[in-house]
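Q: Please read through the structure below; I'll follow up with questions.
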């Protein structure tokens, strides 16, 4: 008999602007989801989504039962 950890998790967030409501914001940005330091997904985020993003149905543990570490990084924007 093997006891295996199973589970799913999600990572959600909102892009927060600190620019006094500038009018020259990009139309969209891209955020990358990293699992243990490796990019596994990318999402485009824009005003249409209220600058919100969500990565869902993510594995919480690897095959050995160790929890994955997830983080989100924003790609650089021109300008």
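Residue numbers (the working numbering): 1 to 79. Ideal placement from N, C-alpha and C gives every residue a C-beta, glycine not left out.
Do you know offhand how far residue 50's Cα is from residue 14's?
A: Spanning the two alpha carbons is a distance of roughly 8 Å.
Q: Distance check for residue 18 and residue 75, CA to CA, integer angstroms please.
A: Using only the alpha carbons, I get a separation of about 17 Å.
Q: According to DSSP, simplified to helix, strand and coil, what is residue 48?
A: Residue state, collapsed to three classes: helix.
Q: Excluding the 5 residues preceding and the 5 following residue 32 in the sequence, name in chain order all residues of the same chain whose CB lies nearer than 6 Å to its CB.
A: Result list for residue 32: 39, 42, 73, in chain order.
Q: Using DSSP with H/G/I as helix, E/B as strand and the rest coil, what is residue 7?
A: Note: residue 7 maps to coil in three-state DSSP.
Q: Which first and last residues belong to the beta strand (DSSP E) in which residue 28 is found?
A: First-last of the beta strand (DSSP E) with residue 28: 28-35.
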